[in-house]
Amino acid sequence: MTRDEGLDLLRQLARARALGRHVGSDRLIQAGLDALLAEVDSPSLALLAGLGRREEHEAQGLFDHVVHELGLGFESPAHPIAAKWALASWLAAQIVDGFLDPATGADLIWGEVARELDYPDRLQPIVELAIQLDDWNADWSTPLEQLKEEVLVAARALVEPGGPETNL
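Remember, the numbering used here sits 25 above the position in the sequence shown when you count from 1.
Listed below in structure tokens is the structure:
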């Protein structure tokens, strides 16, 4: 892992937490260790990376310090609708960047965003694919990988400039 990749990992976890996603302490500690090994440096990073199982309860606070020290903070939009669109955009970017399986990402967008926003048109392609993926079985003529590729295409469309967050 390069230094830039280590910083990006920390940035992604900070954004996930800001958008209300649960990130376990074990994952924060591992990310801290990975970043430290990638030569990322901040006063609290070594403390985070060195936490043991009995100290996991300190990980969330130390991670917040690391994020602040490195200037990686992200503030979720205050308006609930804007926050949901930000979550949809982030999940779609995670799919596009290969950090999130397309089927899992489509399901999250369907369940955690589209439902809350009363199924806006802009999310319909992903919702429809999430439903198909949820029902999919090996007897279907459409291969699973094709549906996942279609999710990837729909996710790319969602994160393109001029995406949904500009249409509030």
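Where is the CB? At the ideal position from N, CA and C, for every residue including glycine.
Please read all numbers here as calculations on a predicted model, not as lab measurements.
Check                                                                                                        : Outcome
Gly-75, buried or exposed, once every other Cβ within 10 Å from all chains shown has been counted against 16 : exposed
Sub-8 Å separation of Leu-73 and Ala-84 beta-carbons                                                         : yes
CB of Leu-70 within 8 Å of CB of Val-92, strictly                                                            : no
Contact under 8 Å by Cβ, Val-176 with Ala-131                                                                : yes
Assigned secondary structure, Glu-141 (DSSP; H/G/I helix, E/B strand, else coil)                             : coil
Backbone secondary structure at Ser-50 - three-state DSSP                                                    : helix
Local Cβ density within 10 Å of Ala-103, reported as buried at 16 or more and exposed below that             : exposed
Simplified DSSP state of Pro-105, which is helix, strand or coil                                             : helix
Residue closest to Leu-34, alpha-carbon to alpha-carbon, out of Gln-171, Glu-174, Leu-95, Leu-158            : Leu-95
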